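Engineer:
Numbering (the working numbering), first residue to last: 1367 to 1466.
#1: Can you look up residue 1418 in the DSSP assignment and give me helix, strand or coil?
#2: For the beta strand (DSSP E) containing residue 1438, list its first residue and its last residue.
#3: Here's the rule: buried if 16 or more other CB atoms are within 10 angstroms of the residue's CB, otherwise exposed. What is residue 1383?
#4: When you compare the CB positions of residue 1453 and residue 1434, do they come within less than 8 Å of one another, or not?
#5: Could you tell me how far apart the beta carbons of residue 1376 and residue 1442 are, in whole angstroms, since I believe they sit closer than 8 Å?
#6: Strictly under 8 Å for the Cβ-Cβ distance: is residue 1457 near chain B by that measure?
#7: Tell me the DSSP secondary structure of residue 1400 in three-state form.
Right, dumping it as structure tokens:
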């Protein structure tokens, strides 16, 4: 299964580091699945370098290839959008409790 790890960003490097740790921890505990976080996958792009809508489109393109969504932070506009798309795709959604 390919698992999409959603995490708020907002240009905050601390959010990027938290997303990295959470994705790392999920992956090493579950070698039977593949965990992908768009914040890490698109870290080669600067924050808002190509524009919010374009960045979200890349995230959504990646999300529809996945089998499950893990919500790994408080909700942001982008994370809410990812949840909405996952629901439309009838994707399993899991909310992590202790994400900070």
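Just so it is clear, CB atoms sit at the ideal spot from N, CA and C, and this is done for glycine as well. The model shown is predicted, which means the values in this text are computed figures rather than measured ones.
Structural biologist: Result, derived from the coordinates:
#1: helix
#2: Counting along the chain, residue 1438 falls outside any beta strand (DSSP E), and DSSP gives it neither H nor E.
#3: The residue is exposed, with fewer than 16 neighbouring Cβ atoms inside 10 Å.
#4: no
#5: 6 Å
#6: Absent from the structure: chain B. Only one protein chain is present.
#7: strand
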